[in-house]
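Novice:
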């Protein structure tokens, strides 16, 4: 996905905010299998056991021939995904508020201020042949800029530029796996994928109304994904770890910090119930979003820390036609928020089978005021007729309304002046 952009000559700073989400065969990209193992996992070539191209994805922003920044995407599981009984009534992390990624491209300002059109490209790199992926990914992006008030062209230049990356796939099953699979078709197939990215760009930016400024952007990311399969997909386990740090400085003043950890642990088992001609799918998931961010463009917030983890267990029962006829689900989530204004919010909730709220605890400066049942009852009017229209609110209850979701998000890359 590419678009040519032309910038004003008095460009001072520039940032890209991007959104990227896998769809179709890429919706669960973190469970995909390296192509070299597809034959072992799906020997009958049914095409519905596993998806190839590997489980590593890197979202890249290119400016002409320069790799300007990358993002390791958070694995959002949209409502109903993988095992539908997990998501009632709590949705997956990011399902209705998917994370975006802000990249500081200010080191390229002297290069972009030449009043010429520059090609901005959003690209996802995978583990298929020539680093290809499956169709398809949905993109959206915006470029935000500030201008120097002098109106004079910004000059300077890139002082240093370096990037390094490597992606590997290693089998972790014993040697002679083919022979073992012939002896036992249910012998586990194990492998691990690893990758990293280091990116560093430094430049000298000279605006018409200011002193020369040293601008530096660094990214340091690491990724691993260990999987275990039983042939024909009767069992699948995924243990993923994605973490990294981004830092941008202007004359040693911190402009952006973004540190993240996105671990995910998932396993699914499929059991054929021959007596009833039914199929049972059992699964559990531990999913974490842990991120610490600071943006000098919004200094009043200071550093924002979000740490949330979901633990989900569930099962589904399918009839002979593959239709769901029963299921169970249990979800526990812990959420914690803190920012530089000493504001905080914590919630600890657990729900079983949609309607059974086992635990729901809130605290922090941003939590709603607590009103006990006794306080509400003691303050209610004695006359039942007077209760109608009284100012006392009903104690909050969980909502089970299923919200609609549309994946048809258009790609937009725009410049804000």
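In our numbering, the protein residues as written are 256 to 672.
Glycine is no exception: its CB is placed at the ideal position from the N, C-alpha and C atoms.
Quantities reported herein were computed from a predicted structural model and do not represent experimental measurements.
Beta-carbon within less than 7 Å of residue 568's beta-carbon, same chain only, minus the 5 sequence neighbours each way: which residues are those?
Specialist: Taking the first residue of the chain shown as 1, we reach residue 568 at position 313. Closer than 7 Å at Cβ, skipping near neighbours: 539 and 585.
Novice: With DSSP run on the structure shown, which of helix, strand or coil describes residue 344?
Specialist: As a first step, residue 344 is located in the chain shown; it is residue number 89 there, counting from the start. It is coil, neither helix nor strand.
Novice: Consult DSSP for residue 279 and reduce its assignment to one of helix, strand or coil.
Specialist: Locating residue 279 in the chain shown gives position 24, where the first residue counts as 1. In the structure shown, residue 279 sits in a helix (DSSP, three-state: H, G or I).
Novice: Give me the Cα-Cα distance between residue 256 and residue 574, rounded to the nearest whole angstrom.
Specialist: For the purposes of this step, residue 256 is taken as the residue at position 1 of the chain shown. For the purposes of this step, residue 574 is taken as the residue at position 319 of the chain shown. Taking the straight line joining both Cα atoms gives about 42 Å.
Novice: Starting from residue 552, follow the alpha helix (DSSP H) in both directions and report where the run begins and ends.
Specialist: On the chain shown, position 297 is the one that residue 552 refers to. From DSSP, residue 552 is part of no alpha helix (DSSP H); its letter is neither H nor E.
Novice: Could you pull the start and end residues of the beta strand (DSSP E) that residue 356 belongs to?
Specialist: Locating residue 356 in the chain shown gives position 101, where the first residue counts as 1. Residues 356 to 359.
Novice: Could you round the C-beta distance between residue 358 and residue 270 to whole angstroms and report it? I think they count as a contact, below 8 Å.
Specialist: The sequence position of residue 358 within the chain shown is 103, counting from 1. The sequence position of residue 270 within the chain shown is 15, counting from 1. For residue 358 against residue 270, the beta-carbon gap comes to about 7 Å, under 8 Å, which counts as contact.
Novice: So for residue 314, helix, strand or coil by DSSP?
Specialist: Counting from 1 along the chain shown, the entry for residue 314 is found at position 59. Strand.
Novice: I need the DSSP call for residue 308, collapsed to helix, strand or coil.
Specialist: By one-based count along the chain shown, residue 308 stands at place 53. Note: residue 308 maps to coil in three-state DSSP.
Novice: Does DSSP classify residue 472 as helix, strand or coil?
Specialist: Position 217 of the chain shown, counting from 1, holds the residue named residue 472. If DSSP states are grouped into helix, strand and coil, residue 472 belongs with the strands.
Novice: When you compare the CB positions of residue 451 and residue 477, do they come within less than 8 Å of one another, or not?
Specialist: Numbered from 1 along the chain shown, position 196 holds the residue referred to as residue 451. Numbered from 1 along the chain shown, position 222 holds the residue referred to as residue 477. A distance below 8 Å separates the beta carbons of residue 451 and residue 477.
Novice: Please report how far the alpha carbon of residue 219 lies from the alpha carbon of residue 305, in whole angstroms.
Specialist: No information on residue 219 is available, as it lies outside the stretch 256 to 672 that the chain covers here.
Novice: For residue 525, name the three-state secondary structure that DSSP assigns.
Specialist: For the purposes of this step, residue 525 is taken as the residue at position 270 of the chain shown. Residue state, collapsed to three classes: strand.
Novice: In whole angstroms, what separates the C-alpha of residue 598 from that of residue 541?
Specialist: For this step, residue 598 is matched to residue 343 along the chain shown. For this step, residue 541 is matched to residue 286 along the chain shown. Straight-line Cα distance between these residues: approximately 27 Å.
Novice: Work out the CA separation of residue 319 and residue 237 for me, nearest whole Å.
Specialist: Here the chain has residues from 256 to 672 only, and residue 237 is not among them.
Novice: Quick check on the burial criterion: 16 or more other C-beta atoms within 10 angstroms. Buried or exposed for residue 409?
Specialist: To locate residue 409, count along the chain shown from 1; it is residue 154. Classification for residue 409: buried.
Novice: Can you look up residue 452 in the DSSP assignment and give me helix, strand or coil?
Specialist: To locate residue 452, count along the chain shown from 1; it is residue 197. Strand.
Novice: Identify, in the order they occur along the chain, each residue of the same chain with its Cβ nearer than 6 Å to the Cβ of residue 471, setting aside the five sequence neighbours on each side.
Specialist: As a first step, residue 471 is located in the chain shown; it is residue number 216 there, counting from the start. The residues are 457 and 504.
Novice: In chain order, what residues of the same chain have a beta carbon less than 7 Å from the beta carbon of residue 354, not counting five sequence neighbours either side?
Specialist: Mapped onto the chain shown, residue 354 falls at position 99. Contacts found: 329.
Novice: I'd like to confirm the pairing. Which residues does DSSP put opposite residue 387 in its beta bridges?
Specialist: Against the chain shown, residue 387 aligns to sequence position 132. The partner list for residue 387 (beta bridge, DSSP) is empty, contrary to what the question assumes.
Novice: Measuring straight from C-alpha to C-alpha, what distance separates residue 518 and residue 543?
Specialist: On the chain shown, position 263 is the one that residue 518 refers to. On the chain shown, position 288 is the one that residue 543 refers to. Computed Cα separation, rounded: 6 Å.
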